Each structure stands twice: as C-alpha cells, then as structure tokens.
Amino acid sequence: MTSIYPIIVPSIPTLLILFFLTTKSISADSQSSSSSAIYDILESHGLPMGLFPKGISEISFDPDSGRMELHLVSPSPCDAKFETRVRYEYNITGTLAYGQIVNLSGVAAQELFLWLPVKGIRVDIPSSGLIYFDVGVVFKQFSLSFFETPKDCDVSAKGDQVNVIILFNDQGQIAERPSRKFGRKHDEGNAMRAVS
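Reading the sequence shown from the start, the letters are residues -28 to -1, 1 to 168 in mature numbering (1 follows the signal peptide of the UniProt record, and there is no 0).
Written out as structure tokens, the structure reads:
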C-alpha cells in the first residue's frame, strides 16, 4: 500500500535554524523568569522591584538565610539613571531581610565625580516614600518612586571606569591607566602627578 502523502525531509540549514530559534526562545524565557523571580522576591520583602535593572540572567536565593546572588546578562558593568546614576556589576550579592538588603556588593552610586559602593539599602516601614542607600559614611536618600519599575541598564563607557588614574604634567594630560597597572614613570625629566 502506497501513501499519497509525500515525505518531507527538512534540510540541515532548516534544522539548524529551528534549533537556534528554540534555544533563543528558551534563553529569553529563562531571563524573563529570573527577572520576574527577583522582582517577586523584592516585593515580598517590602522592597521596590526597580532596585535592580532589567536584564537579570540568573538568580539564586536562600529563603532561610536571605542570601541572594544575581547575574546580569551583560558581563560588563552597566549604569541605570535614577535621581543619580547607579552602577551594577555582573555579579551582585547581598542578604535580604524585610525592608532592607545588607552586605550588598556589586552596586555603586555616583556622587559628583565619585562612585561610592552601596553596602546596604533600606526603606522605612511603614513607608515614608523614601529609600536609603548606605554608602559607608552616610546614607543617600532618594524618592521611592524612582525605584517603582526596573530600569534599562546601559553598559558603562570604557573611560568611565571606577579605578582609573590620569597622569598630568604642566602641559596637561599625558597618560591614563587602570590604577592596578599604574607604575611610577618620569617623562623627559618632568615630574608628573597622579589624579584619580
């Protein structure tokens, strides 16, 4: 008995395209579920869901200890604009408790020309409409409304690194280097000074 339906065998390029589209879809779904998971966790701890940017690729959270770890899609640091700029590293860790995150790493807030590491974040319970970033010596205060929704995160400009040393002589800038690679040099007998 012969079949009247032809057998269609897809070509290898067609199979590769289908495979690529399927894996892209799975990857996008996992990013979406990771992002929504952290936003749900933040809200259940009395924190606004916009504390962390869009583009979270992975999250781990231990509800017993409150320990969390996030990974962003971008392997490079990225900045989000609130009332001030906030920089997020690829890896962000901290400990969640109701209304606060302590032992935070991977987040920095800009103050004038300085990037200050954010060590903790807290909100008032009941809400006063304010959120506080612990940057070591002071708490920076922001309107809670800035953090209602997750922001886009732009990859940091290369020249906008946190640890850059710029060398000057009397005629102006002559060199720029990451501080960990800085070496003492003299240029044509002229004394130079470092400014970070």
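Glycine included, C-beta positions come from ideal geometry on N, C-alpha and C. It should be emphasised that the depicted structure is a prediction, and the values quoted were computed from it without experimental measurement.
- G66 carries a strand assignment under DSSP once its states are collapsed to helix, strand and coil.
- The DSSP-derived three-state label of D36 is coil.
- For H43, the beta-bridge partners assigned by DSSP are E30 and N63.
- Within the model, the alpha-carbon separation for Q113 versus S77 is close to 19 Å.
- Counting of Cβ neighbours within 10 angstroms places E61 among the buried residues, the total reaching 16 or more.
- Spanning the alpha carbons of D106 and I93 requires a straight line of approximately 6 Å.
- A direct Cα-Cα distance of roughly 15 Å separates L116 from P25.
- I97 sits in coil when the DSSP states are folded into three classes, being neither helix nor strand.
- Looking at the backbone, the Cα of N75 and that of D12 are separated by about 20 Å.
- When the five nearest sequence neighbours on each side are left out, the beta carbons in the same chain lying within less than 7 Å of the beta carbon of F111 are those of Y104 and F105, in order along the chain.
- Within the same chain, and ignoring the five residues on either side of T67 in sequence, the residues whose Cβ sits closer than 6 Å to its Cβ are G38, R39, V74 and N75.
- It is roughly 23 Å from the alpha-carbon of L44 to the alpha-carbon of G71.
- According to DSSP, residue pairing for S117 in a beta bridge does not occur.
- In the DSSP assignment, C50 falls within the unbroken beta strand (DSSP E) covering C50 to K53.
- Counting other Cβ atoms within 10 Å of its Cβ, L84 stays below 16 and is therefore classed as exposed.
- By alpha-carbon distance to W87, the top candidate from E120, G108 and A69 is G108.
- Under DSSP, V107 shares a beta bridge with no residue.
- Check the Cα spacing between T121 and each of I64, R59, F33 and A52: the tightest is with A52.
- Boundaries of the beta strand (DSSP E) around P89: L86 to P89.
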